[in-house]
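Worksheet for the structure shown next.
Protein chains: 2
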Amino acid sequence: MNFTSMIHKRWAQQTQVCVGLDPFPERFPAGMTDIFEFNRAIIDATASLACCFKPQFAHYAAIGAEAALKDTIKHIKANYPDVPVILDSKRGDIGSTATMYAKEAFEQYGADAVTINPYMGSDTVLPFTEFENKGVVILCRTSNPSAAEFQNQLIDGEPLYIHVARKAQTEWNKNGNVSLVVGATAPEEMADIRAAAPDLPFLVPGIGVQGGDLAGTLRNGSFKNGNGLMINSSRGILYASNGPDFAEAAYKETLKLKDAINSLC
Amino acid sequence: MNFTSMIHKRWAQQTQVCVGLDPFPERFPAGMTDIFEFNRAIIDATASLACCFKPQFAHYAAIGAEAALKDTIKHIKANYPDVPVILDSKRGDIGSTATMYAKEAFEQYGADAVTINPYMGSDTVLPFTEFENKGVVILCRTSNPSAAEFQNQLIDGEPLYIHVARKAQTEWNKNGNVSLVVGATAPEEMADIRAAAPDLPFLVPGIGVQGGDLAGTLRNGSFKNGNGLMINSSRGILYASNGPDFAEAAYKETLKLKDAINSLC
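Listed in order, the protein sequences are those of chains A and B.
Quick note: the first sequence uses my numbering, first residue 1, plus one each step.
Quick note: the second sequence uses my numbering, first residue 1001, plus one each step.
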């Protein structure tokens, strides 16, 4: 089953929550040091509520914990095979090198999808989309403060992110496996991106710590018939408690976000 | 000594050749399978001629050979400490996550510089440039066929890549550690980028297999007083021979490129 179908099946379970697996060992509960052990507890607590999991590559690579990342994805695939894994590594290279990054994500790490950066154009994107069963999640309008510096610049009267969205919808989605990263911090822009890319799932960062607008996101980002979103929360879930009840607290936060989303749909 | 000073010292040795370390094990000489062993032979043969080395991350990550990449950089630092290493991993993320990617490149892999993607704006760049002694090599105008799709779009009458170049020169180079990736395949554009960023070294892909214009590159990309370039060749050097003389052939190809550059300066 391909990534997009997996996501649709999770949406049918009334969840649009993406659980971000961004380990900060210094925020783990007292006595816990092992990244995989922490992730496993979070995953076991939240898998039933999650639309997908999203480990952020840099959190592992910065401390040489690539093995914990592999073990984390293996644990999800072995125990929750219905919940897809997006490797958030924002790769961006061309041709045969892009294919190598696809192999890194899909073969070495076993992810179902990967985030990529479109600055270098179609040469970056198409080697990934050729992996028909895998998902390709393209940065479009990100949620960070300086995102607008280039992404919002007007080209022929429309911002760069609209050009990216349109190309994704009309040229890059031939295998039905493209999604877009669209931040919750700019809900009006999200409406324009949804108009340019009516069929593409949106991975939505920026809810929670970054202060994104959940109601605006659902109003402007959903598909015409509902769903369409993978709304990420990382720190809000992972560090809801730093006591021995951290996994239970993560469950409760995930449920709270899931319910908040469903109450607004 | 910081990355930019290291490069200036290599330029003073009359070399602007960047040796790209992109291992394709299927192109190694018969009987050789070990990536580190191959790289070591290439490095030992070419270090005296190289302005810098540039291992391409995906070639290692696609096959789980991160350890060979670490060993390769260690070998260069231990034996040729004057020749800086650019880790070509085209990272691009924000804030604390960007800092983690900087730690991946500079601490885990021990590189002197890293390539990064500017699509997400200053939030992507500044966490890297804070590592004052390290180099930050920002994608500006790349050499791939689809590079123009977004990079050449006009914003206020100027292509996106000029906006990136100008920001790099005027805002991001406070610590004097920023360089730009500018492909050899568009030498006229290189002249405009040099005008916008007169002080920044250019890492130049596209010579060799991609058919870039060496004379145009030197004419349009050099600093006003000469030098200014790190002209990359990977496959042309690494696979000059697939016989037992591959290292000697790599030496000869590197020398040929170095001489060709110097004859045009």
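Cβ coordinates follow ideal geometry from the N, Cα and C atoms, glycine included.
Source: prediction; values computed, not measured.
Put simply, of 28(A), 99(A), 243(A), 207(A) the residue whose alpha carbon is nearest the alpha carbon of residue 257(A) is 207(A). For residue 204(A), no CB of chain B lies under 9 Å from its own CB, so it is not counted at the interface with that chain.
When the alpha-carbon of residue 151(A) is set against those of 157(A), 161(A), 143(A), 145(A), the nearest one is in 161(A). Within 10 angstroms of the beta-carbon of residue 52(A) lie 16 or more other beta-carbons, which makes it buried. Residue 230(A) carries a strand assignment under DSSP once its states are collapsed to helix, strand and coil. At least 9 Å separates the CB of residue 169(A) from every CB of chain B. Residue 1089(B) and residue 263(A) have their C-alpha atoms some 42 Å from each other. Assignment of beta-bridge partners to residue 179(A) by DSSP yields 137(A). Sequence-ordered contacts of the stretch 1230-1242 of chain B with chain A are nonexistent [C-beta pairs closer than 9 Å].
Closest in alpha carbon position to residue 1171(B), among 1014(B), 1122(B), 1154(B), is 1122(B).
In the structure shown, residue 1249(B) falls within a helical segment according to DSSP collapsed to helix, strand and coil. Between the stretch 1180-1189 of chain B and the stretch 1207-1226 of chain B, the count of C-beta pairs closer than 8 Å reaches three or more; the two stretches touch. For the stretch 1045-1093 of chain B, the continuous beta strand (DSSP E) assignments of 3+ residues that do not extend past its boundaries occur at 1052-1055, 1086-1091, in sequence order.
Residues 1162, 1165, 1166, 1169 of the same chain have their beta carbon placed closer than 7 Å to that of residue 1196(B), with the five preceding and five following residues left out of the count. Assigned with DSSP and collapsed to three states, residue 1113(B) falls in strand.
For residue 37(A), the nearest beta carbon of chain B is not closer than 9 Å to its own beta carbon. Residue contact with chain B for residue 164(A): present (Cβ-Cβ distance below 9 Å to some residue of chain B). For residue 1155(B), the nearest CB of chain A lies under 9 Å from its own CB, placing it at the interface with that chain.
In the displayed model, residue 1026(B) falls within a helix according to three-state DSSP.
Secondary-structure assignment with DSSP links residue 158(A) through a beta bridge to 155(A). In summary, residue 1218(B) is buried, with 16 or more beta-carbon neighbours lying within 10 Å of its beta-carbon over all protein chains present. Under the DSSP definition of a beta bridge, residue 1164(B) lacks any partner.
For the C-beta of residue 1121(B), the chain A residues within less than 9 Å are, from N- to C-terminus, 142, 144, 145, 146, 147, 148, 149, 150, 151. Membership of residue 1126(B) in the alpha helix (DSSP H) is indicated by the continuous run 1122-1129. A distance of 9 Å or more separates the beta carbons of residue 176(A) and residue 124(A).
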